[in-house]
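Numbering (mature numbering (1 follows the signal peptide of the UniProt record, and there is no 0)), first residue to last: -26 to -1, 1 to 209.
Inspection log for the structure reproduced underneath, given as structure tokens.
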């Protein structure tokens, strides 16, 4: 994995951010991803699907919320139990620290993208390299070492527990409080559809496959429902 690819991603995200800075948050649709760091299907979604909102410019219409908790459990003594072991608890906490340390969505998504790509490539031991690869300080690492990551995780645990209906698995994608369930890979269509026929942002209009996706909604739902590319809880 070349360092240049991550530097390109960061530069691209910053360019998109300043291009659409004039849009207010009240005009945006909220896209929330509830995930856990070592679920392979969460990693696949973050690396191969979620970046579409940046490449298409759809980020201009989205308030992206990343919630790194997933199927983890808070035990009675306050310790965390994660589905994929202690390494996942640690990476969830580091992601939580990154979201707090780098509030700009372009920056914390760039870092999370980098680590999740390493998950897919089975090179997780190189996660520390992602700070340099995306041009960030090590503030998120310092946050984790000082124990703040677990405190942020408690907040995400509470947020996840308040989902209605409750999440069944991860990735669990929600658009304006509407869970997409197995149809989560069609999230772009839901985002654009949330604006209504008269308020579709320009970014939606230029998505080549948007109308095709909308017209084939029922068949897409069936196809994705049968694939079950999700991590169910076994805790």
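Where a beta carbon is used, it is the ideal one built from N, C-alpha and C, also for glycine.
If you're wondering where the values come from, they're calculated on a predicted model, not measured in any experiment.
Where the alpha helix (DSSP H) through residue i begins and ends
i           : result
residue 37  : Counting along the chain, residue 37 falls outside any alpha helix (DSSP H), though it belongs to the beta strand (DSSP E) covering 36 to 42.
residue 138 : Run containing residue 138: none; DSSP gives neither H nor E here.
residue 14  : 14 to 22
residue 27  : 26 to 29
Straight-line Cα distance separating residue j from residue i
i           : j           : result
residue 140 : residue 41  : 14 Å
residue 184 : residue 91  : Caution applies to residue 184, whose pLDDT of 48 falls short of 50 and renders its modelled position unreliable; the value that the coordinates give is listed next. Looking at the two C-alpha atoms, the distance is approximately 27 Å.
residue -7  : residue 49  : Because the pLDDT of residue -7 is 47, which lies under 50, any placement of that residue in the model is unreliable, and the number read from its coordinates should be weighed accordingly. If I take the Cα positions, the gap works out to 43 Å.
residue 96  : residue 170 : 42 Å
residue 182 : residue 74  : In this prediction, residue 182 has a pLDDT of 46, which is less than 50 and means its spatial position is unreliable; nothing more can be read from the coordinates.
residue 44  : residue 144 : 6 Å
residue 38  : residue 5   : 5 Å
residue 21  : residue 124 : 25 Å
residue 126 : residue 93  : 22 Å
residue 86  : residue 64  : 13 Å
residue 206 : residue 142 : 7 Å
Sheet register partners of residue i (DSSP bridge)
i           : result
residue 54  : 48
residue 205 : 144
residue 152 : 149
residue 5   : 38 and 149
Pick from the options that is closest to residue i, judged by C-alpha positions
i           : options               : result
residue 28  : 51, 169, 162 and 143  : 162
residue 88  : 73, 94 and 104        : 104
residue 136 : 2, 1, 81 and 8        : 8
residue 101 : 62, 43, 144 and 22    : 62
residue 159 : 15, 11 and 4          : 15
residue 176 : 19, 33, 10 and 17     : 33
residue 113 : 17, 167, 99 and 77    : 77
residue 1   : 168, 86 and 72        : 168
residue 209 : 84, 203, 55 and 94    : 55
residue 132 : 108, 19 and 46        : 46
residue 116 : 70, 36, 178 and 152   : 70
residue 275 : 153, 204, 179 and 157 : Coverage of the chain is limited to positions -26 through 209, which leaves residue 275 absent and any answer about it impossible.
For residue i, the first and last residue of its enclosing beta strand (DSSP E)
i          : result
residue 92 : No beta strand (DSSP E) holds residue 92; the alpha helix (DSSP H) holding it covers 79 to 94.
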